[in-house]
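Asker:
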Amino acid sequence: MSDIRSRHVDELNEAEATAELADLAQALSQANKAYHTQDAPDLSDADYDSLKRRNAAIEARFPQLKRSDSPSEQVGGPLAEGFGKIVHEVRMLSLGNAFDEADVQEFDARIRKYLGLGSEDKLHYTAEPKIDGLSLSLRYENGTLVYAATRGDGATGENVTANARMIASIPQQLDGAPDVLEVRGEVYMSHADFAALNARQEQAGAKTFANPRNAAAGSLRQLDANITKARPLEFFAYAWGALSAPLAGTQMKAITRLAELGFSTNPLTKLCDGPQALMENYAQIEAQRATLGYDIDGVVYKVDDLALQARLGFRSTTPRWAIAHKFAAELAWTRLEAIEIQVGRTGALSPVARLHPVTVGGVVVSNATLHNEDYIVGHDAKGQPIRDGKDIREGDWVQIYRAGDVIPKIADVDLSKRPKDAEPYDFPTTCPKCDSLAVREEGDAVRRCTGGLICPAQAVEKLKHFVSRGAFDIDGLGAKQVEAFYFDEMLSIKEPADIFTLRARDAAQLGKLKNRDGWGDKSAGNLFDAIDEKRKIPLNRVIFALGLRHVGDSASNLLANHYISWSAFEQAMRAAEPHEGPAWDELNAIDGVGGVMAGSVIDAFAQPAERAAIDRLVVELDIQDMPQRDTSSSPVAGQTVVFSGTLEKMTRAEAKARAEALGAKVSGSVSAKTDLLIAGPGAGSKAKKAAELGVETIDEDGWLALIGAAG
Ligand code: IVH
């Protein structure tokens, strides 16, 4: 990082050291908070580590200046509000770091000295990948999962039990475990699941995650556990907290025992007989890093003999018997050759950095994302500086950062190498593809082309989305082909409806397509057949395929399952156009549909050109109604129910969804039309009103018993 003090610690006087320790405490506390509490790190791991090392070095030289809030005594960040708190019976610790072979040698030497072992005495270590996720403690009593807690500040964590229960690789029940067993490990998200989640988030207009770790943390720490349920999280067990009986005599055997109890443990865990074996194993794991499918940021070494671990014990925040050997950051410097603007399906202007190709962590990188215009200028949406407020210009010497599968980013700019004639980047205010005005609405970080379907870039991206996997998924008509057809003069596809008229238009031109390069009689015929096959298509796919802003896969399902048929959906969207009235209210009352999404769907239907294109498409299709739910055996079908007060066994959203799935109508207020009130603690005025109106009132357990899901 550029503002890391360049002066050697030995050159500092006491006043300078005091000032710098105060700065470091502030910077590290801010970084901890961003990383642990807000799941949005503002420093790279490497920068964070160097600040910590600098702090430790100054403290070592001036022990008398060590602050009471010294960052070296802190693990994690302050707790986020909203979760219950759990005091860890055994503190959750952090690990000391090693960065090179000398550090590993020193780790071994320190342990031998502490234990009084000679250099000829055997000392084994386990070595396993350091998973880049977030740690979780699972407490089992008599074989049953009783709670799950995050690390928090090490002493107290957040109660995320409901969320942890949603993770498939966390057993709820154990067979043959000690009466009390706290299993500790890492929750993480694979690269593939991370990429798919971000794609879904983007489609839904929701925030995307910077890396798999943030995605895992953001997914686990959800007040609504249903969100966690929809996120593919995984868990590796690698340690334990409180125990009523030992698991085994060695680390390796304890891990095997955890695997036998049903936990996932890391298959790369290995026993090594000293620093040299550790270094060889480190090189092997580093070589596999890119192909593991999940992020790791180092290798953790632990003394294998648990009796020795017990003798070694802990320093204030780290065990003496373990260390994390970190990988070097995946960073490299190169020249930013040009800034280009890509135009997306919804018109978003996305700046992309074209780089002089450079190898970062074993991969050649020639593009990096620049996010949006604020990012280029050097501040975030709230006006806070990024990269210390340095802007990015064409010709700049930039530092590229890459982690896992994540699109490379620009971490820093070297102003000393900025060409004299470099100009601040002038973000276009017209679309580079169609010249329409590009506007940035208040509160939106993104500038958008207003050209709609007349913008070729938007039209092509929309078509690509239309034929994509979750949408029409037409064999032989992928992104490349639709783009070619878009610019084809004789057989052009300018909008989705044109796909379905392709066969007839081709026939009218006496089979033009089969004479094209890359096409023959058979492939052209196959394409027409594949297109015809998709005329019959369920409603949810059609809604998704339209590619409306904020309407991704799950929103499309919600809308389709609510309106069941195309005609009902379309009529409702038209009726809701004034953004008020019963149709608008109905749309907004669908669980999971917010005002922004509702507005976006309705505006698309209200926009004449878009509306006409939809109409032209629909006549080509045979849209299938969604299957109606069978609620014939439901005790609450057709009833109007109201939930009030605190629910303890499920969230409000879950209760509402279950009731609706059983054919009930869920209302927010009690009236003469209410059939049933489910009142939890604190139901207050609604319970009173129900009593006045003679509405039947039951508690949460009564409700669960009624719908047959109690216990
Ligand atoms: S052992 C008492 N093993 O790294 C030591 N930690 O920087 C307990 N981590 O808080 C931790 N992979 O969240 C251990 N294989 C592994 C790990 C691992 C990732 C995390 C863990 C810990 C942090 C320390």
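The numbering of the sequence shown is the numbering used here, which starts it at 506 and goes up by one.
Ideal Cβ positions, reconstructed from N, Cα and C, are used throughout, including at glycine.
Considering Tyr505, what are the terminal residues of the alpha helix (DSSP H) in which it resides?
Answerer: For the chain, the structure presents residues 506 to 1216; residue 505 sits outside this window and is missing.
Asker: Whether or not the stretch 1027–1042 and the stretch 688–695 are in contact is what I'm after, with contact meaning three or more pairs of Cβ atoms, one per stretch, closer than 8 Å; do they touch?
Answerer: Cβ pair count under 8 Å is below three, so no.
Asker: Check for me: the alpha helix (DSSP H) holding Ser674 runs from which residue to which?
Answerer: Residue numbering aside, residue 674 sits at position 169 when the sequence shown is read from its first letter. Neither: Ser674 is in no alpha helix (DSSP H) and is coded neither H nor E.
Asker: Gly1207 to Leu738, Cα distance in whole Å?
Answerer: Here residue 1207 refers to the residue found at position 702 when the sequence shown is read from its first residue. Here residue 738 refers to the residue found at position 233 when the sequence shown is read from its first residue. The alpha-carbon atoms of Gly1207 and Leu738 are separated by roughly 33 Å.
Asker: Which term fits Glu1205, buried or exposed, when burial requires 16 or more other beta carbons within 10 angstroms of its beta carbon?
Answerer: Taking the first residue of the sequence shown as 1, we reach residue 1205 at position 700. Flag for Glu1205 reads buried.
Asker: By the 10 Å Cβ neighbour count, where 16 or more other Cβ atoms means buried, how is Arg952 classified, buried or exposed?
Answerer: Translated into positions along the sequence shown, residue 952 becomes position 447. Arg952 should be labelled buried.
Asker: Between the alpha carbons of Ser1190 and Ala1196, how many angstroms are there, rounded?
Answerer: Numbered from 1 along the sequence shown, position 685 holds the residue referred to as residue 1190. Numbered from 1 along the sequence shown, position 691 holds the residue referred to as residue 1196. Computed Cα separation, rounded: 10 Å.
Asker: What are the boundary residues of the beta strand (DSSP E) that His830 is part of?
Answerer: Taking the sequence shown and counting its residues from 1, one reaches residue 830 at position 325. Where His830 is concerned, the enclosing beta strand (DSSP E) stretches over Ala827 to Lys831.
Asker: Express the C-alpha separation of Ala720 and Asp910 in angstroms, rounding to a whole number.
Answerer: For the purposes of this step, residue 910 is taken as residue 405 along the sequence shown, with counting starting at 1. For the purposes of this step, residue 720 is taken as residue 215 along the sequence shown, with counting starting at 1. Here the model assigns Asp910 a pLDDT of 49, short of 50, so the residue's position is not dependable and the matter cannot be decided.
Asker: Helix, strand or coil: which one does DSSP assign to Glu516?
Answerer: As a working mapping, residue 516 is identified with position 11 in the sequence shown. Here Glu516 sits in helix by DSSP.
Asker: Do Thr822 and Leu504 come within 7 Å of each other at the CB atom, strictly closer than that value?
Answerer: In the structure as shown, the chain starts at 506 and stops at 1216, and residue 504 therefore has no counterpart that could be examined.
Asker: Would you report the Cα separation of Ala1109 and Pro929, rounded to the nearest angstrom?
Answerer: Position 604 of the sequence shown, counting from 1, holds the residue named residue 1109. Position 424 of the sequence shown, counting from 1, holds the residue named residue 929. About 36 Å.
Asker: Hey, is Ile828 close to the ligand FMN, as in C-beta under 6 Å from one of its heavy atoms?
Answerer: For the structure depicted, the ligand FMN is absent and the ligand set comprises only the ligand IVH.
Asker: Using the Cβ count rule (16 or more neighbours within 10 Å means buried), how would you classify Asn518?
Answerer: The count along the sequence shown starts at 1 and reaches residue 518 at position 13. Exposed is the call here.
Asker: How many Å lie between Ile801 and Val903 at the Cα?
Answerer: Against the sequence shown, residue 801 aligns to sequence position 296. Against the sequence shown, residue 903 aligns to sequence position 398. Rounded to the nearest angstrom, the two C-alpha atoms are 25 Å apart.
Asker: Could you name the residues whose beta carbon sits closer than 5 Å to any heavy atom belonging to the ligand IVH, keeping them in chain order?
Answerer: Residues flagged by the Cβ proximity filter: Leu598, Ser599, Leu600, Glu633, Lys635, Ile636, Ser640, Glu691, Tyr743, Ala744, Val805 and Pro824.
Asker: Select from Glu845, Tyr906 and Asn877 the residue whose C-alpha is nearest the C-alpha of Val869.
Answerer: Start at 1 with the first residue of the sequence shown, and residue 869 comes out as number 364. The shortest Cα separation from Val869 among Glu845, Tyr906 and Asn877 belongs to Tyr906.
Asker: Under 8 Å, with one C-beta from each stretch per pair, do the stretch 725–742 and the stretch 1150–1161 reach the 3-pair mark?
Answerer: Result yes; three or more Cβ-Cβ pairs closer than 8 Å.
Asker: Note down, in chain order, each residue of its chain lying with its Cβ closer than 6 Å to the Cβ of Tyr743, except the 5 sequence neighbours on either side.
Answerer: For the purposes of this step, residue 743 is taken as the residue at position 238 of the sequence shown. These residues qualify, in order along the chain: Gly690.
Asker: List the DSSP bridge partners of Phe741.
Answerer: Taking the sequence shown and counting its residues from 1, one reaches residue 741 at position 236. Bridge partners of Phe741: Glu691.
Asker: Express the C-alpha separation of Arg1163 and Arg615 in angstroms, rounding to a whole number.
Answerer: Taking the sequence shown and counting its residues from 1, one reaches residue 615 at position 110. Taking the sequence shown and counting its residues from 1, one reaches residue 1163 at position 658. Distance between the alpha carbons of Arg615 and Arg1163: 58 Å.
Asker: Between which two residues does the beta strand (DSSP E) harbouring Leu836 extend?
Answerer: In the sequence shown, the residue the question calls residue 836 occupies position 331. Where Leu836 is concerned, the enclosing beta strand (DSSP E) stretches over Leu836 to Val848.
Asker: Is there contact here, the stretch 1110–1123 with the stretch 1054–1065, by at least three beta-carbon pairs under 8 Å?
Answerer: Judged by Cβ distances under 8 Å, the stretch 1110–1123 makes no contact with the stretch 1054–1065, as fewer than three pairs qualify.
Asker: If you draw a straight line from the C-alpha of Gly1216 to the C-alpha of Phe741, how long is it?
Answerer: Reading the sequence shown from its first residue, position 711 is the one you call residue 1216. Reading the sequence shown from its first residue, position 236 is the one you call residue 741. Bear in mind that the predicted position of Gly1216 carries a pLDDT of just 36, short of 50, making it unreliable; the figure below should be weighed with that in mind. If you take the alpha carbons of Gly1216 and Phe741, they lie about 29 Å apart.
Asker: Report the three-state DSSP secondary structure of Tyr930 (helix, strand or coil).
Answerer: The residue you call residue 930 lines up with position 425 of the sequence shown. Here Tyr930 sits in coil by DSSP.
Asker: Considering Cα atoms alone, identify which of Met757, Val865, Val808 and Gly852 is closest to Asp949.
Answerer: As a first step, residue 949 is located in the sequence shown; it is residue number 444 there, counting from the start. When only C-alpha atoms are compared, the closest one is Gly852.
Asker: Taking the DSSP output, what are the residues bridged to Ala943?
Answerer: Your numbering for residue 943 matches position 438 in the sequence shown. Cys954.
Asker: Could you tell me which residues DSSP puts in a beta bridge with Asn872?
Answerer: In the sequence shown, counting from the first residue as 1, residue 872 sits at position 367. Looking at the DSSP assignment, Asn872 forms a beta bridge with Arg859.
Asker: Ignore the nearest five residues each way along the sequence and tell me which others in Leu783's own chain have a CB closer than 7 Å to its CB.
Answerer: Taking the first residue of the sequence shown as 1, we reach residue 783 at position 278. Hits under 7 Å: Val609, Tyr630, Ala632, Cys777 and Tyr806.
Asker: Would you call the stretch 552–572 and the stretch 518–534 in contact, with 3 or more CB pairs under 8 Å?
Answerer: Contact holds: three or more Cβ-Cβ distances are below 8 Å.
Asker: Contact defined as beta carbons within less than 8 Å: I believe Gln706 pairs with Arg850. What is the distance between those atoms, to the nearest angstrom?
Answerer: If you number the sequence shown from 1, residue 706 lands on position 201. If you number the sequence shown from 1, residue 850 lands on position 345. Between Arg850 and Gln706 the Cβ distance is about 15 Å, and since that is not below 8 Å, they are no contact.
Asker: With 16 as the cutoff for other CB atoms within 10 Å, does Ala812 come out buried or exposed?
Answerer: The residue given as residue 812 occupies position 307 in the sequence shown. Per the 10 Å Cβ criterion, exposed.
Asker: From Tyr553 to Val987, what does the alpha carbon distance come to, in whole angstroms?
Answerer: Here residue 553 refers to the residue found at position 48 when the sequence shown is read from its first residue. Here residue 987 refers to the residue found at position 482 when the sequence shown is read from its first residue. Cα to Cα, Tyr553 sits roughly 46 Å from Val987.
Asker: Report yes or no: do three or more beta-carbon pairs, one from the stretch 988–995 and one from the stretch 957–977, lie closer than 8 Å?
Answerer: Verdict: yes, contact present.
Asker: Please classify Gly803: does DSSP put it in a helix, a strand, or coil?
Answerer: Looking up residue 803 in the sequence shown gives position 298. Three-state result, Gly803: strand.
Asker: Going by DSSP, name the residue or residues bridged to Asn664.
Answerer: Translated into positions along the sequence shown, residue 664 becomes position 159. In the DSSP output, where bridge partners are listed per residue, Asn664 has Ala654.
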